[in-house]
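Reviewing the structure listed below.
Residue numbers (the numbering used here): 1 to 363.
Laid out in structure tokens, this is it:
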């Protein structure tokens, strides 16, 4: 398990259209933000540059669609000198903003290729007798992307209809209904099973009171959480309405039942859909934000351990990690949700305590 990394010096490396411009932009660089998201939304970067001489406004003005490859470089000095690099990935310029006073240019770029048909072209297609990985692979091939698929499961579909929706949004919908995370980044479609990633080794333990913590907030809610999910569907073979109900170990006892009415072809598919929707609804039951310095290893899809916050202690999945660099230094802002196994463990412990109390009251 890695802990906080203390860097004496931080630098931003920028490769613009294949050319290393790091030294050229260094005198103008006001801030650099890199946000790594675990799923659905695209990773992005934002570069803010001082422009009092108007260089960026005219001769150096970026073009939308230009390619940027970025990384954050960390250096330490002394006897145990170390260097560390956080690769941010590849991006396409999506938006350029000018503001004054003071004169400055902000370049925003996204990891999902804005020029790709996977994003902008609406398509209609019937997918028959095929599994999720093969659908993803075909979509990747058709859009000049590669596929990273990491799961022990691979749902099989008798038929799925893609109706006037982009390839990427169609694929994201399939993944959400199957309990998978999906995003497009650095020329790659990434699909993984969130529940498995939640069980990975934490990148670090964050202890309350550590001097490198800038701010924290936690929240526990009941609204939009459910104790079970009920899927109602029409069975075409029996020509009748069927239903399947599922629950989860981490579901709150006082929650409602999530009602889902969606076309599926079997009880197994209904239960899989119900489990995924229940998990998606409940994963924000306990959430938080932590801003701190010295954690380049924290990225979307990772796990951290929180300690010293009482009822909020536990393992948390990193939904997004925003790494920011400016004249004031380097910091990372984490959006986190408590993992299902962490909540389930607390629930079992609480139930055991209730049993002990009830037993003692009978004696």
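Just so you know, even glycine gets a beta-carbon here, dropped at the ideal spot from N, CA and C.
Cβ atoms of residue 34 and residue 45 come within 8 Å of each other, at about 5 Å. In the three-state DSSP reduction, residue 286 falls in the strand class (E or B). Of all alpha-carbon atoms in 28, 18, 103, 26, the one lying nearest the alpha-carbon of residue 66 is that of 18. In this model, residue 86 and residue 295 are separated by some 10 Å (Cα to Cα). Closest in C-alpha terms to residue 189, from the list 301, 157, 283, 146, comes 146. DSSP, reduced to helix, strand and coil, places residue 154 outside both helices and strands of the structure shown, so it counts as coil.
Residue 323 counts as buried, since at least 16 other C-beta atoms from the protein chains shown sit within 10 angstroms of its C-beta.
Burial of residue 198 is indicated by the presence of at least 16 other C-beta atoms within 10 angstroms of its C-beta. Secondary structure note for residue 197: its alpha helix (DSSP H) is the uninterrupted segment 194-197. Runs of the beta strand (DSSP E) lying entirely within the region 254-286, each at least 3 residues long, are 256-261 in chain order. When C-beta atoms of the region 339-349 are compared with those of the region 246-255, three or more pairs fall below 8 Å, so the two segments count as touching. The shortest CA-to-CA distance from residue 179 to any of 29, 122, 282, 326 is the one to 282.
Taking the CA atoms as reference points, residue 271 sits about 52 Å from residue 76. Here residue 321 really is in contact with residue 36; their C-beta atoms are around 5 Å apart, less than 8 Å. For residue 121, the three-state secondary structure derived from DSSP is coil. Residue 137 carries a helical assignment under DSSP once its states are collapsed to helix, strand and coil. Residue 171 holds the alpha-carbon nearest to the alpha-carbon of residue 192 among 209, 212, 171.
Taking C-alpha positions only, residue 92 is separated from residue 26 by approximately 20 Å. Non-local C-beta neighbours of residue 267 in its own chain, meaning closer than 8 Å and more than five positions away in sequence, comprise 242, 244, ordered along the chain.
At the C-beta level, residue 107 and residue 62 come within 8 Å of one another.
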